[in-house]
Amino acid sequence: QKLGDFLIREINLRLSLREDVQWLRNELLFIQSFLRDAELKQCGDQRVQQWVFEINSIANDAVALLETYSFEAGRRASHLKAYTCICRKEKKFYSVSKEIQSLKQRIMDISRKRDTYGITNINSGDQGPSNQVTTLRRTTSFVDDHDYIFVGFEDVVQTLLDQLLKPEPRRTVLSIYGMGGLGKTTLARKLYTRPDILNSFHTRAWICVSQEYNTADLLRNIIKSIQGRTKETLDLLERMTEGDLEIYLRDLLKEHKYLVVVDDIWQKEAWESLKRAFPDSKNGSRVIITTRKEDVAEKADERGFVHKLRFL
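Under UniProt numbering, think of the first position of the sequence shown as 1, with each following residue one higher.
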């Protein structure tokens, strides 16, 4: 009887979750389309850039969540372990369901921000792509059936994956460098959203630096990615100085095995201003850097791993 009741609950959970996942897939298609348009048309308004950045953060989290769901849904168990597997899956699916509800709330909140802050010109203007906005790359089948596949780069993905997951306790920096347009960000995203990476690094964050940057804002965005965006957190972060933010982030990360992607970094000084906030707790934490500059990649970590991305 207990097993029967449990299976009924599990089936109901899956039916409900399936609807949530379909909603999230559809929502992600709209977000991805919006971000492509925003990169081409947005003006230089800082409010707009921050708003688009937050939308991109939601999209990134949605991709990771859908990858987790796909991974768990595809796992199979032997008959002997079936009951244990179902228990574990129900717990995992319940967690995914809660996270989808959280994403729904974030989408509602960011929709209200557009009206609150008078952001109405996102689709106007004829300026080129903004350097300060990173767009969601098509790195998952949930976004587009014509997913960008790294044909010929499978060995690169595996090499970098091995570096991320190897049993090296020291906090290590992996640098990917090469000229623009080669797919550095897409490669980093492919690694960032892999199920084995999600299972190994439970604390993750992604920031885009670009040529013009503000260190305090970058630190705030990392903290928001990890802690969430409650009103209390946002108010607290806005009152902090750059030094306060650095200490706060170090304390936040030091007890966790983390993965942080620092995308599109142009100057050595930018990395120097951030790296002190990434503690080495000897627990296997990793940082991925993408850059066009060889000197930035080479000097990020004397004992780190550097990969030059080339044309096929």
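Here a beta-carbon is modelled for each residue, glycine too, at the ideal position from N, C-alpha and C.
On a CA-only basis, which of 168, 240, 213 and 197 is nearest residue 65? Give me that one, please. 197
Is it true that the CB of residue 220 sits closer than 8 Å to the CB of residue 322? Because the chain is modelled from 1 through 312, residue 322 falls outside the range shown and cannot be assessed.
Specify, as a first and last residue, the run of the beta strand (DSSP E) that residue 301 falls within. Element bounds for residue 301: n/a, residue is neither H nor E.
Identify the continuous alpha helix (DSSP H) that holds residue 216 and give its terminal residues. 215-227
Name the two residues that bound the continuous beta strand (DSSP E) containing residue 203. 203-210
Within a Cβ cutoff of 7 Å, which residues of the same chain sit near residue 169, ignoring the five residues on either side of it in sequence? 282, 283 and 284
Under 8 Å Cβ to Cβ from residue 266, same chain only, skipping five residues before and after it: list those, please. 209, 210, 211, 291, 292, 293 and 296
Taking 7 Å as the cut-off, does the CB of residue 153 come closer than this to any heavy atom belonging to the ligand SAH? Annotation note on the ligand SAH: not contained in the displayed structure, which lists no ligands.
Whole-number beta carbon distance between residue 271 and residue 289, since they are thought to touch under 8 Å: 7 Å
Exposed unless 16 or more other CB atoms sit within 10 angstroms - verdict on residue 204: buried
Just reading off the alpha helix (DSSP H) that residue 200 is part of, what are its end residues? 195-200
Going by DSSP, what residue range makes up the alpha helix (DSSP H) through residue 171? Premise fails: residue 171 is in no alpha helix (DSSP H) and is neither H nor E.
Could you compute how far the alpha carbon of residue 306 sits from the alpha carbon of residue 176? 6 Å
Three-state secondary structure (DSSP) at residue 280? coil
Measuring only the C-alpha atoms, how far is residue 28 from residue 57? 12 Å
Taking just the CA atoms, how far does residue 155 sit from residue 240? 43 Å
For residue 252, which residues of its own chain have a beta-carbon under 8 Å away from its beta-carbon, when the five flanking residues on both sides are left out? 223, 226 and 227
Residues in the same chain with beta-carbon distance under 6 Å from residue 242, minus the five sequence neighbours each way, listed in chain order, please. 215 and 216
Looking at residue 201: is its Cβ nearer than 8 Å to the Cβ of residue 254? no
State the DSSP-derived secondary structure class of residue 310, mapped to helix, strand or coil. coil
N-terminal and C-terminal residue of the alpha helix (DSSP H) that residue 286 is part of: That residue, residue 286, is in no alpha helix (DSSP H); its beta strand (DSSP E) goes 286-291.
Does the Cβ of residue 26 have 16 or more other Cβ atoms within 10 Å, making it buried, or fewer, making it exposed? exposed
Could you work out which residue in 268, 232 and 153 is closest to residue 308 when comparing CA atoms only? 153
I'd like the span of the beta strand (DSSP E) that includes residue 182, first residue to last. Note, residue 182: premise wrong, no beta strand (DSSP E); not H, not E.
Looking only at DSSP bridge pairs, what is residue 265 linked to? 210
For residue 278, count the other beta carbons within 10 Å of its own beta carbon; 16 or more makes it buried, fewer makes it exposed. Which is it? buried
Cα separation between residue 98 and residue 61? 13 Å
If you count every other CB in all the chains shown that lies within 10 Å of the CB of residue 178, and 16 or more means buried, which is it? buried
Residues bridged to residue 258 (per DSSP): 203
Would you check if the distance between the CB atom of residue 304 and the CB atom of residue 172 is smaller than 8 Å? yes
Based on Cα-Cα distance, which residue from 96, 107 and 249 lies nearest to residue 30? 107
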